[in-house]
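J.:
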Amino acid sequence: MTSPAILMKAFKLYPKKQLGQNFLADANMAASIVGYVGLSDDAVVLEIGAGLGSLTLPLAQQALKVIAVEKDRRLVGLLKNELVAAGLDNVSLLEQDILKIDIPTLAETEKTDLIVVGNVPYNISSQILVQILKARACIKKSVLMFQKELAQRITAPPGSKAYGRISVMVQYCSKVTVLTEVKAGLFFPKPNIDSLVLGIDFDRDAEKKVRDETFLFKVIKAAFSKRRKTLRNALTGMLPGFDAKMSAKALEGAGIDPARRAETLTVDEFVRLANHIHLCLC
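Residue -2 is where the sequence shown starts when you use the numbering used here, and the numbers rise one by one after that.
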């Protein structure tokens, strides 16, 4: 693994802040992260944000195939050179925006479920995570690195300040484990905050808990859109004609005090609430 700082200096390039580029610059940490993935020799990996290959190379050394997505055209040529130098020919480089990739179609093309790995660009981390949640039926597991603030939101328990929409969505359909911390000094350029690597193992039967998963996500979004307000007020207007009276009635029917706030509800309570409202509206 060539140092990102040396590599970029040699080619007179610079990290793009607007793309959230902070490259992992420690080979030992990269090897540890790949070790957490637990790859088999028939695994097909979708890597988000390949960058200069700090994870791509060790992933390719263990997997059957790595589909490495990198939006920045400047880096693709450098990464190709790194792969050739390492003698690796099982990496398919996609010069695309990860948010525009149809993950289920990609899995169908590969004829296997994917393992998703990556140092997720901080500026679109939440969007990527939602994309992965929606495509989870074709994802075996995911090991992703997020800046610490978002990782703490993802793993936050009910009642905590960090607990929010993304916490409920992720915890509803998966088991999340903090695998390791990555200090800011191990990146180039050095970010302002440390990162956490999360293991996300999806519950393939999660959708059986709800009548309509899309509706559940809508209820979660509405509840947290006005998190300082009571649930009764926060849910009012989430659907045409869904007034304060209907909101209170739905909450009481689900066994939830209308005066509570969104951050106090457990995942199971959100599921129960969404099911009750959906049933009432059908």
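All C-beta atoms, glycine included, are put in the ideal place defined by N, C-alpha and C.
What three-state label does DSSP hand residue 6 in the structure shown?
T.: Start at 1 with the first residue of the sequence shown, and residue 6 comes out as number 9. When DSSP states are grouped into helix, strand and coil, residue 6 belongs to the helix group.
J.: Using 8 Å for Cβ pairs, my map puts residue 192 next to residue 131. What's the rounded Cβ distance?
T.: The residue given as residue 192 occupies position 195 in the sequence shown. The residue given as residue 131 occupies position 134 in the sequence shown. No, residue 192 and residue 131 are not in contact; Cβ-Cβ is about 24 Å, not under 8 Å.
J.: With DSSP as the reference, label residue 243 as helix, strand or coil.
T.: Looking up residue 243 in the sequence shown gives position 246. The answer is helix: DSSP assigns residue 243 an H, G or I state.
J.: Under the assumption that residue 60 contacts residue 36 (Cβ atoms under 8 Å), give the Cβ distance between them as a whole number of angstroms.
T.: One-based indexing of the sequence shown puts residue 60 at position 63. One-based indexing of the sequence shown puts residue 36 at position 39. Right, the Cβ-Cβ distance comes to about 5 Å (below 8 Å), so this counts as a contact.
J.: Hey, out of 256, 278, 16, whose CA is closest to residue 121's CA?
T.: Reading the sequence shown from its first residue, position 124 is the one you call residue 121. When each option's Cα is compared against that of residue 121, the closest is 16.
J.: Closest by CA to residue 190, which one among 11, 19, 12?
T.: As a first step, residue 190 is located in the sequence shown; it is residue number 193 there, counting from the start. Out of 11, 19, 12, 19 has the C-alpha closest to the C-alpha of residue 190.
J.: Can you tell me whether residue 264 is helix, strand or coil according to DSSP?
T.: Taking the sequence shown and counting its residues from 1, one reaches residue 264 at position 267. Of the three classes helix, strand and coil, the one that applies to residue 264 here is helix, per DSSP.
J.: Chain B beta carbons: is any one of them nearer than 9 Å to that of residue 159?
T.: Included in the structure is just one protein chain, with no chain B present.
J.: Taking 9 Å as the threshold (C-beta atoms), are residue 21 and residue 179 in contact?
T.: Looking up residue 179 in the sequence shown gives position 182. Looking up residue 21 in the sequence shown gives position 24. Between residue 179 and residue 21, the CB-CB gap stays under 9 Å.
J.: For residue 228 and residue 220, what's the separation of their Cα atoms in angstroms?
T.: As a first step, residue 228 is located in the sequence shown; it is residue number 231 there, counting from the start. As a first step, residue 220 is located in the sequence shown; it is residue number 223 there, counting from the start. Going from the Cα of residue 228 to the Cα of residue 220 covers about 6 Å.
J.: Taking one C-beta from the segment 134 to 143 and one from the segment 230 to 240 each time, how about it: are there three or more such pairs within less than 8 Å?
T.: No: fewer than three Cβ pairs fall under 8 Å.
J.: Let me know the secondary structure DSSP gives residue 179 once reduced to three states.
T.: Stepping through the sequence shown from its first residue, residue 179 is reached at position 182. Strand at residue 179.
J.: From the DSSP output, which residues share a beta bridge with residue 88?
T.: Locating residue 88 in the sequence shown gives position 91, counting from the first residue. According to DSSP, residue 88 bridges with 63.
J.: Mind listing, in chain order, the continuous beta strand (DSSP E) runs of no fewer than 3 residues lying wholly within the segment 5 to 60?
T.: 41 to 45
J.: Hey, could you find the ends of the alpha helix (DSSP H) residue 151 is sitting in?
T.: By one-based count along the sequence shown, residue 151 stands at place 154. Element bounds for residue 151: 145 to 152.
J.: Keeping to the same chain, check which residues put their C-beta closer than 8 Å to that of residue 128; ignore five residues upstream and five downstream.
T.: As a working note, residue 128 is residue 131 in the sequence shown. Closer than 8 Å at Cβ, skipping near neighbours: 95, 96, 100.
J.: I need the DSSP call for residue 222, collapsed to helix, strand or coil.
T.: Residue 222 sits at position 225 when you count from the first residue of the sequence shown. In this structure, residue 222 counts as helix in the three-state DSSP scheme.
J.: If you follow the beta strand (DSSP E) that residue 196 is in, where does it begin and where does it stop?
T.: The residue given as residue 196 occupies position 199 in the sequence shown. Start and end: 192 to 199.
J.: Report all residues from its chain with a CB closer than 7 Å to the CB of residue 271; omit the five preceding and five following residues, and keep chain order.
T.: By one-based count along the sequence shown, residue 271 stands at place 274. The residues are 207, 212, 213, 216.
J.: For the segment 79 to 142, which segments carrying the alpha helix (DSSP H) assignment without a break, of at least 4 residues, lie completely within its bounds, in sequence order?
T.: 100 to 107, 122 to 131
J.: Distance check for residue 198 and residue 33, CA to CA, integer angstroms please.
T.: Within the sequence shown, numbered from 1, the residue matching residue 33 stands at position 36. Within the sequence shown, numbered from 1, the residue matching residue 198 stands at position 201. Approximately 12 Å, taken between the alpha carbons.
J.: Taking the Cβ atom as the reference point for each residue, do residue 209 and residue 171 lie within a distance shorter than 9 Å?
T.: As a first step, residue 209 must be located in the sequence shown, where it is residue number 212. As a first step, residue 171 must be located in the sequence shown, where it is residue number 174. The answer is no: Cβ separation not under 9 Å.
J.: Can you grab the Cα-Cα spacing for the pair residue 2 / residue 74, in whole Å?
T.: Here the question's residue 2 lines up with position 5 in the sequence shown. Here the question's residue 74 lines up with position 77 in the sequence shown. Distance between the alpha carbons of residue 2 and residue 74 is about 16 Å.
J.: What residues in its chain sit with their C-beta under 8 Å from that of residue 117, if we drop five residues either side in the sequence?
T.: Locating residue 117 in the sequence shown gives position 120, counting from the first residue. The residues are 45, 46, 125, 126, 141, 142, 143.
J.: Bridge partners of residue 157, per DSSP?
T.: Numbered from its first residue, the sequence shown carries residue 157 at position 160. Its beta-bridge partners do not exist; DSSP assigns none.
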